[in-house]
């Protein structure tokens, strides 16, 4: 689940989404929160670690998770399709949703940063014509400063695109696995998009 303010996003998630081995009898589910802002998107070290853990906790171990559902007492009498459905709706889709909200937030931050940089650039153009008469090197300095500012936006934009590509690959693999082991007639990706767009 995600709560979005104007400049922050707080993501709440079950601890089990991070560690697939936290499935013990009588285990108390705990909820964790991660608060994102532009600085965390621009320097995504924490987010990268978090996304890597989320991906490992779902898509990387999907076969293990499905097998665990077969062993759990509460799912022992369920059909294979019911076990698949439980896994998908209790773990896979919520995990994907958290990851999407994080990437979408950083994408929105990139768009906002670009807009701010473009506005700054247009106001600096007027100042540049005055400054070049006083200091011939000011244009070069401003260009260097502008490149530095846009580098931050470019890096963030590339990060968003890379993570969307990673998500597409992982979800494609998970969809393929689920079709082989659950129901080959279900498009699990479309089902996820239909559920998340409601």
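In this note's numbering, the protein residues as written are 206 to 403.
For each residue, glycine too, the CB sits at the ideal point set by N, CA and C.
Relative to the C-alpha of residue i, which residue among the options is closest?
i: residue 375; options: 238, 260 and 253; result: 260
i: residue 299; options: 399, 383, 402 and 218; result: 218
i: residue 292; options: 268, 235, 385 and 369; result: 268
i: residue 215; options: 263, 319 and 308; result: 308
i: residue 193; options: 340, 381 and 319; result: Outside the displayed range of the chain (206 to 403) lies residue 193, so it cannot be described from this structure.
Label residue i either buried or exposed according to how many other C-beta atoms from any shown protein chain fall within 10 Å of its C-beta, with 16 as the threshold for buried.
i: residue 206; result: Its pLDDT being 49, under 50, residue 206 is placed unreliably in this model, and the coordinates cannot settle the point.
i: residue 378; result: exposed
i: residue 257; result: exposed
i: residue 270; result: buried
i: residue 237; result: exposed
Identify the continuous alpha helix (DSSP H) that holds residue i and give its terminal residues.
i: residue 254; result: 250-261
i: residue 385; result: 343-386
i: residue 401; result: 393-401
What is the residue span of the beta strand (DSSP E) that residue i lies within?
i: residue 389; result: First-last for residue 389: undefined, no H or E at that position.
i: residue 236; result: 236-241
Handout entry: Whole alpha helix (DSSP H) elements within the region 263-328, 4-residue minimum
Key = Correct list: 267-276 and 285-292.
Problem - Inter-stretch contact at 8 Å, needing at least 3 Cβ pairs: the region 239-249 / the region 287-299 - result: no
Practice task
Could you tell me whether the region 336-354 touches the region 384-403, using the rule of 3 or more Cβ pairs below 8 Å?
Solution key: no
Exercise for the section: Could you tell me whether the region 359-371 touches the region 301-313, using the rule of 3 or more Cβ pairs below 8 Å? Expected result: yes
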